[in-house]
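Remember, the numbering used here sits 14 above the position in the sequence shown when you count from 1. Just below is one structure, and these are the notes that go with it.
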Amino acid sequence: MMSNAIGIIFANSGSDSLQGLALNRPIAAVPFGGRYRILDFALSSMVNSGISTIGLVTPHQYRPLLDHLGAGKDWFLERKNGGMFILPGVMHGLEGDNHTFCIKDLQRNLEYLQKDFSENVVISNGNQIFNMNFTESLEFHKEKQADATLIYKECDHMGDLIHERQLEMDDNQKVSHIMAQSSLESVETPHPHFVNMLIIRRELLLNIIDKYRSIGCLDLMDILTTNLQVLKIYGAPTDSIFWPIRTVKDYFHRSMDLLDCEVREKLWLGEDRIHTKIVDNPPTRYTSQAKVSNSLIASGCTIAGEVSNSIIFRGVVVEEGCRIRNSIIMPKCHIYAHAQTTYAILDKFVKVNGENVLKGSSNSPLVVFKSTVI
C-alpha cells in the first residue's frame with residue numbers, strides 16, 4: 015500500500031515540566047511503555063498508512079533520537095527511494111518552543127519538500143501517544159479537494175485535551191472557527207479537539223513557507239487560522255487513543271493506563287502494530303522469591319523481589335527483598351536488595367542501593383535522573 019503523501023514529524027518539543035526526563039532529550043525520545051520511545055507511535059502510524067518518506071524535525075540535542083532510530087530499519091524506512099530524513103530544527107532561543115509546527119523549522123528544510131512530488135504532506139507532533147491509520151483521512155482530504163484537513167477527536171469532557179485547539183465545523187465538516195488554547199478557558203461546551211495532526215497540500219505548504227519566510231517563528235496552525243476564509247480547511251475524525259505528553263503527571267498516568275488490558279489492546283494489539291528498535295535480549299528470569307502482579311515487564315530483566323502495578327523496561331535487575339510499587343523503571347536500572355520504590359520514575363542506568371526507600375505520590379511522582387546512584 016503506497017500513499018500519495020510524505021510525512022513530517024515535529025520531534026523537537028522540549029519541556030521543563032517533565033522534571034528531567036526531557037533534560038538532554040526531546041519529549042519524542044523519552045522511553046515509554048516498557049520498550050518504546052514516544053516518537054515510535056507517530057512514526058509507526060505513518061509507516062502503517064503507506065507513507066514511506068518521513069522527515070523528522072529534530073532539536074539541537076538529537077543524539078538520543080538517532081541512537082534509537084539508526085537508519086530506520088525497524089520501521090521499514092531503510093530503502094532506496096524515500097525513507098527516513100533527519101531535518102535539523104532551528105534554535106528558538108528566547109522565543110522558546112511554545113509552538114506546534116514552527117514555519118522556520120520547515121523553511122530550514124525546504125529541500126525535503128521541494129524534491130518530492132507527492133501531492134500531500136501529513137504532519138504530526140512527536141510528543142503524543144496514539145495508533146492511527148491515516149488512509150481514511152487522506153481519502154477524505156482528496157474527496158473534499160481540501161487545502162488542509164485537521165484531524166480531530168470528539169470529547170464529552172475537557173480532560174487531558176484541555177490544552178488542545180478546538181474546532182467549529184459546519185454540516186459538511188468544513189472548519190469555520192479554530193479556538194486557540196488561550197481562549198478555551200471561557201468555553202463551557204467542549205467542541206471537537208484538534209489532535210496536532212493534519213494533512214496539507216504540499217504546494218500550499220511551500221507557498222506558505224515562502225510568504226512568511228521573513229517573519230519570526232510563526233506557527234503553521236496560526237497561519238491556517240488566519241486564512242480560514244480563504245482556504246478550504248476541513249476536519250476529519252479519529253477514534254484513536256490520543257495522549258499528549260507534556261508533564262510528569264501526564265507521563266506517569268498514561269503509562270499506568272497501559273496496565274489496563276483494553277487500553278493495550280486498542281493501542282498495541284490491533285491490525286496496525288507499533289514498531290520500535292529491536293533488541294536481542296534473553297527472556298526475563300524470575301527467581302523463586304519473585305512476586306509479580308499487574309505489571310508490564312520487558313525482556314532481559316532479572317526479578318527476585320516484589321513488583322506490583324509497575325512498568326519495568328529492558329535489562330532491569332530487581333534483587334531479593336525489593337518492593338517496587340506503582341513505579342516506572344527504565345532500562346538497565348539496578349535495584350539492590352531490600353530497596354523500595356513507590357510512585358517513582360527511575361530514568362535509565364539508575365542504581366538504588368540496598369535498604370533505600372524512594373517514595374512519591376500519584377499526583378507528584380518522584381523522578382530520579384539518568385545514571386544517578388542513590
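Where a beta carbon is used, it is the ideal one built from N, C-alpha and C, also for glycine.
Applying the criterion that 16 or more other CB atoms from any shown protein chain within 10 Å of the CB defines a buried residue, is residue i buried or exposed?
i: Asp-119; result: buried
i: Arg-49; result: buried
i: Ser-27; result: buried
i: Ile-292; result: exposed
i: Asn-18; result: exposed
i: Leu-80; result: exposed
i: Ala-194; result: exposed
i: His-171; result: At His-171 the pLDDT is 49, less than 50, meaning the model places this residue with poor confidence; the figure from the coordinates comes in the next sentence. Exposed, because fewer than 16 other Cβ atoms sit within 10 Å of the Cβ of His-171.
i: Phe-99; result: buried
i: Glu-333; result: buried
i: Gly-84; result: exposed
i: Thr-301; result: exposed
i: Gln-159; result: exposed
i: Asp-54; result: buried
i: Arg-215; result: buried
i: Gly-230; result: exposed
i: Ser-376; result: exposed
i: Ser-200; result: At Ser-200 the pLDDT is 49, less than 50, meaning the model places this residue with poor confidence; the figure from the coordinates comes in the next sentence. Ser-200 comes out exposed.
Rounded to whole angstroms, what is the Cα-Cα separation between residue i and residue j?
i: Lys-263; j: Ser-378; result: 7 angstroms
i: Ile-237; j: Leu-380; result: 40 angstroms
i: Ile-22; j: Arg-299; result: 40 angstroms
i: Ser-322; j: Cys-275; result: 15 angstroms
i: Ile-388; j: Met-270; result: 24 angstroms
i: Asp-184; j: His-191; result: 10 angstroms
i: Tyr-76; j: Cys-169; result: 34 angstroms
i: Leu-91; j: Val-71; result: 16 angstroms
i: Ile-165; j: Ile-222; result: 20 angstroms
i: Asn-295; j: Glu-178; result: 39 angstroms
i: Ile-52; j: Ala-358; result: 19 angstroms
i: Gln-142; j: Arg-122; result: 24 angstroms
i: Ile-137; j: Met-60; result: 10 angstroms
i: Gln-354; j: Ala-43; result: 27 angstroms
i: Gly-96; j: Asp-224; result: 24 angstroms
State the DSSP-derived secondary structure class of residue i, mapped to helix, strand or coil.
i: Glu-279; result: helix
i: Pro-345; result: coil
i: Glu-153; result: helix
i: Tyr-248; result: strand
i: Met-211; result: strand
i: Pro-297; result: coil
i: Val-44; result: coil
i: Leu-35; result: coil
i: Val-61; result: helix
i: Ser-269; result: helix
i: Asp-161; result: coil
i: Gly-110; result: Unreliable placement is indicated for Gly-110, whose pLDDT of 46 sits below 50; no coordinate value is reported for it.
i: Arg-216; result: helix
i: Gln-75; result: coil
i: His-171; result: With a pLDDT of only 49 at His-171, under the threshold of 50, the placement of this residue in the model should not be trusted; the figure read from the coordinates follows. Three-state result, His-171: coil.
Let me check you understand the geometry: is the CB of residue i closer than 6 angstroms to at least one non-hydrogen atom of the ligand MG?
i: Ser-269; result: This structure simply doesn't include the ligand MG, nor any ligand for that matter.
Hey, out of the options, whose CA is closest to residue i's CA?
i: Asn-308; options: Ile-338, Gly-103, Arg-287; result: Ile-338
i: His-267; options: Phe-208, Ser-302, Trp-282, Ile-342; result: Ile-342
i: Gly-329; options: Leu-372, Asn-370, Lys-362; result: Lys-362
i: Asn-147; options: Lys-280, Tyr-265, Met-344; result: Lys-280
i: Gly-64; options: Gly-140, Val-306, Asn-210, Ser-151; result: Ser-151
i: Phe-24; options: Leu-234, Cys-347, Ile-349; result: Leu-234
i: Phe-131; options: Arg-93, Leu-218, Ile-311; result: Leu-218
i: Gly-86; options: Ile-317, Pro-102, Ser-58; result: Ser-58
i: Thr-356; options: Asn-370, Ile-349, Asn-367, Gly-374; result: Gly-374
i: Pro-102; options: Lys-94, His-74, Lys-384, Phe-46; result: His-74
i: Met-344; options: Gly-314, Arg-77, Arg-215; result: Gly-314
i: Asn-367; options: Val-44, Tyr-350, Arg-227, Glu-157; result: Tyr-350
i: Lys-346; options: Lys-384, Ala-318, Val-371; result: Lys-384
i: Glu-133; options: Asn-123, Phe-46, Asp-88, Glu-153; result: Glu-153
i: Asn-62; options: Val-306, Asn-340, Thr-290; result: Thr-290
i: Ser-31; options: Thr-261, Asp-88, His-82; result: Thr-261
Within this structure, are the beta carbons of residue i and residue j separated by less than 7 angstroms?
i: Asp-161; j: Leu-212; result: no
i: Val-331; j: Leu-360; result: no
i: Tyr-248; j: Gln-303; result: no
i: Ile-288; j: Ile-311; result: no
i: Lys-129; j: Phe-256; result: no
i: Glu-181; j: His-205; result: For clarity, residue 181 is Leu in the given sequence; the question names Glu instead. Contact: yes.
i: Ser-451; j: Phe-144; result: With the chain running from 15 to 388 in the structure shown, residue 451 is simply not present.
i: Val-135; j: Ile-20; result: yes
i: Ile-68; j: Ile-259; result: no
i: Leu-127; j: Leu-220; result: yes
i: Ala-250; j: Thr-163; result: yes
i: Thr-386; j: Val-364; result: yes
i: Gly-335; j: His-352; result: yes
i: Gly-140; j: Ala-56; result: yes
i: Ile-117; j: Tyr-265; result: no
i: Gly-47; j: Leu-272; result: yes
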